[in-house]
Every structure is written in structure tokens, then in C-alpha cells.
Amino acid sequence: SQTIHQWPATLVQPVGSPLSLECTVEGTSNPNLYWYRQAAGRGLQLLFYSVGIGQISSEVPQNLSASRPQDRQFILSSKKLLLSDSGFYLCAWRTVGRETQYFGPGTRLLVL
Amino acid sequence: GENVEQHPSTLSVQEGDSAVIKCTYSDSASNYFPWYKQELGKGPQLIIDIRSNVGEKKDQRIAVTLNKTAKHFSLHITETQPEDSAVYFCAATWGSSGGYNKLIFGAGTRLAVHP
Chain C
38 SQTIHQWPAT LVQPVGSPLS LECTVEGTSN PNLYWYRQAA GRGLQLLFYS
88 VGIGQISSEV PQNLSASRPQ DRQFILSSKK LLLSDSGFYL CAWRTVGRET
138 QYFGPGTRLL VL
Chain X
83 GENVEQHPST LSVQEGDSAV IKCTYSDSAS NYFPWYKQEL GKGPQLIIDI
133 RSNVGEKKDQ RIAVTLNKTA KHFSLHITET QPEDSAVYFC AATWGSSGGY
183 NKLIFGAGTR LAVHP
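Going down the list, the sequences are from chains C and X.
Residues 38 to 149, numbered by my numbering, are exactly what the first sequence covers, in order.
Residues 83 to 197, numbered by my numbering, are exactly what the second sequence covers, in order.
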């Protein structure tokens, strides 16, 4: 069966510090991968998606970037965090050819 | 672009009552409509989905209906229980660039089931 992991689970970072969040998927090959952000009490905003290694599409211009160094690894990064980067970051995957997306447990980021 | 509107934003019911959450979408090409349940501090979990060639789908106490002409779909929970309390999100596929479909999410409904 497929599983998706995210770490860290929670993170408190000062403004201006760098960021690296990791997502890995097990039990599937060549998944489509996604990063979403969820502000407190709000819906899901798609940040990035990837259809393959090194292939990243950005949905919203912002302070963040994403990379996919391996087939089942997706990384969200920032060089300098802003207060507005605080939120709940969710990684998701889907099998190519199927519509359903499955979400990871999320990373709660607080920028102070 | 595609937009998914979800109502109500909050819903409070007594245990055993039914709950209905409604969503409308704008892209007539949307063909897949999932519903997710998100408990506090966790990632959303798929609870039911429906495709455009089906008008209704049921799974125990949960059902989803789809009206493609009106471009709206609804989640129905019967015999609600306290453990149904969570935030529910609807979504619709949008876009087909290179065969890729995105999911556009509604803003969510916070359901509270009171014993």
C-alpha cells in the first residue's frame, strides 16, 4: 500500500531564516506530487506540482520554491521566511491517470 | 479561472440529524468531484468521490449527489455522530494541460455534531 510522509511535523522559525520541508511517498512510482498551503481556518491553496523528477510548476508567485530530486521526494524551500509564510503545509500525491489526490499529515510552520 | 464555492461555512447539528454541504463549480469541463474530511491538525482524508457520469453515490451514511446541468454537487451525512465533527472540503478538477488535472478546493465547512 502507498504511504506519504512529511517532516518535520511542526516547525518554529524566525523571520529571515531558511526553510526546507520534505515529503516522501512509498509504494508507488512516478507519482504526481503537490504542495499546498492552508492558512488557519482557510481552504487549500496549491503552491507547486510536479509530474516528474526535476519538473516543477509554480501556481503562485511567492517566497517559496520546490524541488523534486528523486521520483518520490518533494521538497519545499525558502531562502528567507516571511511572517506570511506561516501556515499548514500539505503534500499530496496521485497516480498518473487517476484523479484522486492523497494527502500527507502536514507540517505546521510558525514564523515569528 | 475555475472557482468552487462551498456552503455553509459552519454547520451545527444534533447527533442523529442529517447534514448537507453544497458546492458549486464554474468549469463545465470538470469531471471529478471528491470530498475530504479534515480533523484538527491532520491532513485531509478522502471520504467519497463522484465522477461526472454518475448522479449519485452512497457509502454507508455518506452520499454525494451531482447535478452537472446546474454545476453543483452536495455531500449528505445521515445519522450524524460526534466523530463526524471536522472540516469538510469539496473539490473539482480543472484544467487539462498536457493531460494534467488540478483540483480546486472549496473554502471548507466546519461541521459540529453535538451529543
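We put the beta carbon where it would ideally sit given N, CA and C, even for glycine.
None of the values given here were measured: they were computed from a predicted structure.
Legend entry - Neighbour flag for T175 (chain X) against chain C, beta carbons, 8 Å: yes
Inset, instruction - Anything in chain X within Cβ reach of T137 (chain C), meaning under 7 Å, just list it in chain order. - result: P116, L128 and D131
Legend entry - Pair within 8 Å by beta-carbon distance, Y107 (chain X) and K139 (chain X): no
Legend entry - Residues of the region 83-117 of chain X whose Cβ lies closer than 7 Å to any Cβ of chain C, in chain order: Y114 and P116
Legend entry - Rounded Cβ spacing between T144 (chain C) and P45 (chain C) (contact assumed at less than 8 Å): 6 Å
Inset, instruction - Please look up how many angstroms separate the CB atoms of L56 (chain C) and Y73 (chain C), rounded, as I've assumed it's under 8 Å. - result: About 16 Å; that fails the 8 Å criterion.
Inset, instruction - Report the rounded CA-to-CA distance for A77 (chain C) versus L48 (chain C), giving the unit in angstroms. - result: 15 Å
Inset, instruction - Determine the direct distance from the alpha carbon of F187 (chain X) to that of Q110 (chain C), and round the result to whole angstroms. - result: 24 Å
Inset, instruction - Helix, strand or coil for S167 (chain X), going by three-state DSSP, please let me know. - result: coil
Inset, instruction - Tell me, please, whether the CB atom of P106 (chain C) is closer than 8 Å to any CB atom in chain X? - result: no
Legend entry - Cβ pair S104 (chain C), G64 (chain C) closer than 8 Å: no
Legend entry - CB contact check: K119 (chain X) to chain C, cutoff 8 Å: no
Inset, instruction - Have a look at R135 (chain C) and S94 (chain X) and give me their C-alpha separation to the nearest angstrom. - result: 34 Å
Inset, instruction - Pair every Cβ in the region 158-173 of chain X with every Cβ in the region 101-120 of chain X, then say whether three or more of these pairs are closer than 8 Å. - result: yes
Inset, instruction - Let me know the secondary structure DSSP gives L118 (chain C) once reduced to three states. - result: coil
Legend entry - Beta-carbon proximity of G53 (chain C) to L118 (chain C), cut-off 8 Å: yes
Legend entry - Chain-ordered chain C contacts of L185 (chain X) [CB-CB under 7 Å]: Q138
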